[in-house]
Amino acid sequence: MMQATDKQENPTRSGLVTAPELKRHGFFRNVFSGIKSLLEGMKVTFHYLSHPSTVVTQQYPENRATLKMMERYRALLTMIHDENGLHKCTGCQICHDNCPNASINVVTRSNPVSGKKELDRYIWRMDSCTFCNLCVQVCPFGVLKMDGSFEGAVYDRRLFVFTLNHYAGPAAGLLAKVADPEERKKMIEPRDRYSGPVPLNGQELAGVKALKKAESGCCGGSGGCCSDSQGSQGSKEMK
Amino acid sequence: MGIITEKLPCYIEPIPGGSLLLTSMDAVINWSRANSLWPLTFGTSCCAIEMMMATGAPRHDTSRFGAEVARPSPRQADLLVIAGTIVRRMAPRLKTLYEQMGEPRYVMATGSCAISGGPFMYNSYSTIRGADEIIPVDVYVPGCPPRAEAFFYGLLTLQKLIKEGESVRRPGERRKPVLSALPPGITLDQIRAEMAAVLKSDATVNVEQAAKKLEKESQDGQCESADGCCCSRT
Amino acid sequence: MDSANLLTAVAAAEPNAKPREKADRAAVQVPVGNLSALMKRLRNDSTFAFDMLCDHTAVDWSEQGTFELVYQLYSTVHGHYLMVTTSVPRVSPIVPTVREFWRIAEFQEREVYDMFGVLYDGHPDLRRLFLEDDWKGFPLRKDYTDDFMLERPE
Amino acid sequence: MSVHITTLDDRVRLRQDDSSPLSTQEYFVNMGPQHPSTHGVLRLVLKLDGETVREVIPVLGYIHRGIEKMGEHQSYRQFVHLSDRLDYLSALINNWAVSMTIEKAANIELNDRIQVIRTLMAELQRIQSHQLWWGVFGMDLGAFTPFLYGFRDREIIADIFEETVGARLTMNYIQPGGLMYDIHPGFVKRVKAFLQYFKPKLAEYETLLSGNVILQERLRGVGRMDGQTALSIGATGPVLRASGVPLDLRKSEAYGSYGKVAFDVVIGKNGDCWDRYWVRLEEMRQSMKIVEQLIDNIPEGKHMVMKPAVKIKLPEGCYYNQVETARGILGVYIVSDGKESPYRIHLRTPNFNNLWAITETAANWRLGDLVAILSSLDVVVPDIDR
Amino acid sequence: MTGITENIWQAKTVAQRAAEALPESVWFALGYMVLGVVGVAAFIAVLGMGLIYAERKIAGHFQCRLGPMRVGWHGIFQTVADTLKLLLKEDVVPAQADKFLHILAPLFTLLGTILVLAVLPMSPIVHVSDVNIGVVYVGAVSGFGVLGILLGGWSSNNKWSLLGAMRAGAQIISYEISATLALLVVVLFSGTLRLSEIVESQAAGWWIWRAHGVGIVAFLLFFIASLAEINRTPFDIPEGESELTAGFHTEYSGMRFAFFFLAEFINMFIVAALTATLFLGGWMPFHIGDFAGFNAIMDMIPPGLWFTGKTAFLVFLIMWFRWTFPRLRVDQLMRLEWKVLLPIGFANLIAAAVVVLFNFYFFPVR
């Protein structure tokens, strides 16, 4: 087996490090070196006990105010809306096609005024999202970004279905071309960020049909089924 | 659950002042349960590593919550963290584990796989699409995998559920508190303001309606809809 | 040995072995009948000395009605790779086992049986590896259907 | 024809040995799928004689998700993110393996910057993976504190990844045609800070665990496996190297930037648990050496040589490529029929082969040794089951 | 020296007071007894919770983290919450288990610890019962613990439990021998089996060094063997988490698991307290020969505090071991006992006998 050593490529750089043999000594030497090794180990642990500065714990709920996620951390898909509240999504479906497990559903409609195809609802299923970032990468218009807000635990998995766009209507660039503010208002329709209970089964979710069914269902598309207006303040009370 | 939580309330309730006693009993019992969630050492895949980061890494340290006593035996555990994918072969075992746990037991599904099958949702002949198809889940923690802080947020959410949703008056039933309809970090006011900014006057009507609905529901304290948002367990 | 020399040497050792086309490394194709003999030669002959069976898997060419069995061999002595393939009909997929040459083949063959239903002649413990013993069908076959599986919605 | 299909029930049947009045009765015990030391949902059916392990029968499939079947329905780019979920502890290296196979097949040439960053990331991932292993190894042997120390140091690398990649475990960072992001401006500083931090910590690891007489007694000579058996079982990575076979693809194939750096292949002598332990510890040192050599010499260039929206189609044919992950050789076998998604994709995962070493090594050792051997093989179960 | 302490702290146990009171009134005596029982029970509960909290906190700081933080100030009520929860948790008895034995087992384990506590001289006044054969009694009743473990493991009808119980049985019984041999050294020196008298005999100096090298060896032997008897790391083989899931208490939940858990920690205290009593002078203050001033200052510290301090130090040592060392293997454990500790123990006992016989003392014994 050892002849393989010679056959290694890059022989100039190829060093081999071999594991050391564990030595056995006489009875008493064994006992004393054994006790010495135990004491050395105890010294290491005692060092940490006696130096409170080595404690590295970050106390999460207490440090919420100062906790800052890394800028690239991927925890929540968001649609970028500019200062006027407009997004650039055209409903082109590229993100949907690239999503590995169809967590993105782009529902389009034709505009009531201009009749053009445009974004109605941008539905994102956080429950199945793998945060692989492909959608953000492939978007030709830079519509999406991954946000670092990770606090998303809920009691009901239906709440993981989000509508990312704030309004249904043409993208920012197209809307800017419309001069008349009255017409602009007609062209867009509001959408909450949360779309309400959408059936969980993937088959039903696919397509507009399910959405319409949900809208006509018990709670309607806007308010959500069971709600807590406190949102993020909730966790402060938990303390 | 023993005598205290099962039979006693029936006797105490009729006594004058018994109701008050029960309420304070609730407070104490729920406090102890919420603060002593011993997890089962159970993890199937990637999420287990992040869970270990949360429970094991000194930086995060679940022992602050009293939840570092990971029990290898389901009999002694209170919290079953489903960390990772559940496949068809594992499903009966998961059910057994859940059944072996003594009441009160709580289940937390962390990560996309445990919530919905996640990356393995489609075209997989083996992956269960969501652990709640097998056992009832109390709290869902999104992420793939959720980071340690998200895990703690889930733990806090669970504590809230225990403190608000349990009572000795109705043993075995856990009432989920009013659900958070909005994504975390977003308040209704924020949406209202943003919407108003974009859509001026007439567009806000829709949001106002939603707000009224929300307020009404939160006053009622529970959901009226028939689709079972407020899951109770037997 | 580089791949051209290797192919020549294999062809000399086993006349029925033909180079497999459209492969990115040295690859030969042998009839099932010659597989066992060739593998024995490859394992024990010092010019080949393939002491490691890196990988063994199958491909379901359902249109041609065959399973292509793929063996990836590596020699730590010479540092060369060889891919050996053989085809068996889908209707009666029986292949001789190579377990006696490489221990790991026992488990890799079990996996292939589990996923494709390829039967290994002489295998000591041929049973399902990943799926339950009473699973119906072989999932990696192209015609596998399952009422549990969901298609990705478009 | 002697094809005989068996079931697990056939396998776990006891043969009563009544030949001698002194013969003891053997019995079967299920270890797993939920067991603290099987590191996931591995199930081992143990045939025990008292405390002594007579036979180990691994039963797999408790996390078999059918990734290979899914791969046939996904585009090449999408499949990369599934490779994260194989051996999640070396997710980046898995990404690299799949990407490299695709790049080789599609003849995509990469610039030096991409190669160097990939190599850096892979080595950091290797250190991180070994840190976790060290901690868990300590815990399996009953020492709880190393677990915490391993995780403490692992967090620092997780920070490095989080800053550049945006994820902590499942990265999807190395993609066909480059990298998802260029490195973060703070990357180099963080890595250097880590190197400075971790060197004394590694010495501390040695004092706390390696030098400990109890640990040495638990590992010496336990679960010995010679090189020939290891090769026959197809074991790779530290498990194979500990048995004295210096097979390291980083050296023999010199992919990425490994050809430009000096590092040593770490091998063991006896192939026992101690060697496997020591090989991994030393590999952390070697990985740090590689990182040190590369961190100051990241060449300029683009981080992506092709646009992410471009659909990849491989020419018809079959492609096999291997890389060295933290646990051994990961091989990716792609059969393409010229379409957007592979006709067949197969992953030769290192843990699949390494696991079977337990059937060779654990017999006639005690239950406690079985845990040590299993832990020294460092299996990640989702990587076995795929 | 003894005179001073006797004058200040007149040694009288609860049982003695009860016996004194008996002629006066039966009710009075009964009151004392009830007081003793309630005292011990309360003591056990508080002590157990305190020890568990301390362990978790100390473990935290050994491991660069904080330990319980969120329940009360620095998590001070953490174990209270745990106890309450465990009390109210569903008590599962597996269907296939031997129900009677399953329920009995944790009681046996806890009983063993309570009975030992009864004779521990914690200070001259806090001493429940002063048995004249205290040392023998301690050795005898601590065997209840292993009975509970064996019963628990057997009755659970679980192979892991049984394995754990068998390991525990082998281990505890083996190490009992070494512990007893080490204990006999002290008995040889002090010439009494009464624990209070053993403490008093150390007024001039603790046995650990007054008995020359013999004392130190006996101390180490006793401490190591006792660690093994209470299944603490590095000898936590019966409940080795990574090997046997949870060992003998795999099938226990709620209240009964809490008993095992509590017994484990009380045992830790008992080992520390016994070691302190036998080798470190119990509640005796630390004296150096004839330095009267120094000795007087030492005498001003109450004996209860001395006892607590010594015990706390040893408890800390046990925890320190736990959070540093890996665990041994079964056969190594047995080898350590039968091939290392036992021969040393015998040799040490003979050496002690020689010392006593020929009166090789640096200090006078009495």
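Quick note, the sequences are listed as chains A, B, C, D and E, same order. Here numbering that gives the first Met the number 0 is used: position 130 in the first sequence is 129, and no number is missing along the way. Here numbering that gives the first Met the number 0 is used: position 145 in the second sequence is 144, and no number is missing along the way. Here numbering that gives the first Met the number 0 is used: position 24 in the third sequence is 23, and no number is missing along the way. Here numbering that gives the first Met the number 0 is used: position 73 in the fourth sequence is 72, and no number is missing along the way. Here numbering that gives the first Met the number 0 is used: position 80 in the fifth sequence is 79, and no number is missing along the way. Note that the Cβ used here is the ideal one computed from N, Cα and C, for glycine as well. Because the structure is a prediction, the values reported are computed rather than measured.
Within this structure, are the beta carbons of residue 376 of chain D and residue 347 of chain D separated by less than 8 Å? no
Starting from the C-beta of residue 107 of chain A, find all residues in its chain whose C-beta is less than 7 Å away, skip the five residues before and the five after it, and write them out in chain order. 90, 116, 117, 118, 119
Exposed unless 16 or more other CB atoms sit within 10 angstroms - verdict on residue 299 of chain E: exposed
Short CB-CB distance (under 8 Å) between residue 110 of chain C and chain B: no
Run through the stretch 70-135 of chain E for me and flag every whole alpha helix (DSSP H) of 4 or more residues, listed as ranges in chain order. 77-87, 98-116
Name, going along the chain, the residues of the stretch 10-44 of chain D whose beta-carbon falls closer than 8 Å to a beta-carbon of chain B. 32, 33, 34, 35, 39, 40
Give the residues from the stretch 71-100 of chain C that approach chain D closer than 7 Å (Cβ to any Cβ), ordered along the chain. 71, 75, 78, 82, 93
Could you tell me the distance, in whole angstroms, from the CA atom of residue 23 of chain C to the CA atom of residue 101 of chain A? 33 Å
Between which residues of its own chain and residue 193 of chain D is the CB-CB distance below 7 Å, once the five residues before and five after are set aside? 155, 156, 159
For residue 263 of chain D and residue 290 of chain D, what's the separation of their Cα atoms in angstroms? 13 Å
Apart from the five residues on each side of it in sequence, which residues of its chain come closer than 6 Å, Cβ to Cβ, to residue 156 of chain B? 138
Proximity test, Cβ basis, 8 Å: residue 117 of chain D and chain C: no
Please work out which residues of its chain come closer than 7 Å, Cβ to Cβ, to residue 48 of chain C, disregarding the five sequence neighbours upstream and downstream, and give them in chain order. 74, 76, 77
Could you check the C-alpha separation between residue 85 of chain E and residue 133 of chain D for me, to the nearest Å? 33 Å
Between the alpha carbons of residue 185 of chain E and residue 305 of chain E, how many angstroms are there, rounded? 20 Å
Below-8 Å beta-carbon distance, residue 141 of chain D vs any chain B residue: no
May I ask you to report which of helix, strand or coil DSSP gives residue 314 of chain E? helix
According to DSSP, residue 125 of chain B sits in a beta bridge with which residue or residues? In DSSP, residue 125 of chain B forms no bridge with anything.
Beta-carbon contacts of residue 35 of chain B that lie in its chain and below 6 Å, excluding the five residues immediately before and after: 65
Stretch pair the stretch 80-99 of chain D + the stretch 109-125 of chain D: three plus CB contacts closer than 8 Å: yes
Where in the stretch 23-95 of chain C do unbroken runs of the beta strand (DSSP E), each at least 3 residues long, occur, reported from the N-terminal end onward? 26-29, 51-60, 65-73, 80-88, 93-95
For the 8 Å Cβ check, are there 3 or more pairs between the stretch 75-94 of chain A and the stretch 131-141 of chain A? yes
Assuming residue 80 of chain B and residue 61 of chain B make a contact with CB atoms under 8 Å, what is their CB distance in whole Å? 10 Å between Cβ atoms; not a contact.
Going along chain D, which residues have a C-beta under 7 Å from residue 50 of chain C? 230
In chain E, which residues lie less than 7 Å from residue 154 of chain A when you measure between Cβ atoms? Simply none; closest approach about 21 Å.
Could you give the C-beta distance for residue 112 of chain A and residue 182 of chain A, rounded to a whole number, given that I count them as a contact under 8 Å? 6 Å
Exposure of residue 87 of chain A, with buried meaning 16 or more beta-carbon neighbours within 10 Å: buried
Closer than 8 Å by C-beta to residue 100 of chain B: which residues in its own chain qualify, once you throw out the five before and the five after it? Chain order, please. 39, 73, 74, 76, 77, 79
Is the stretch 53-67 of chain D close to the stretch 347-364 of chain D, with three or more CB pairs under 8 Å? yes
Can you list, in chain order, the residues of the stretch 26-50 of chain B whose Cβ is nearer than 9 Å to any Cβ on chain E? 27, 28, 30, 31, 32, 33, 34, 35, 36, 37, 40
Proximal residues of chain B, C-beta to C-beta of residue 168 of chain D below 8 Å: 45, 48, 49, 144
Backbone secondary structure at residue 174 of chain D - three-state DSSP: strand
Check this for me: beta carbons of residue 326 of chain E and residue 267 of chain E, under 8 Å apart or not? no
Could you pull the start and end residues of the alpha helix (DSSP H) that residue 247 of chain D belongs to? Premise fails: residue 247 of chain D is in no alpha helix (DSSP H) and is neither H nor E.
Any contact of the stretch 31-38 of chain A with the stretch 202-212 of chain D, i.e. 3+ C-beta pairs under 8 Å? yes
Considering only residues of the same chain and omitting the five flanking positions on each side of residue 88 of chain C, which have a CB-CB separation below 7 Å? 64, 65
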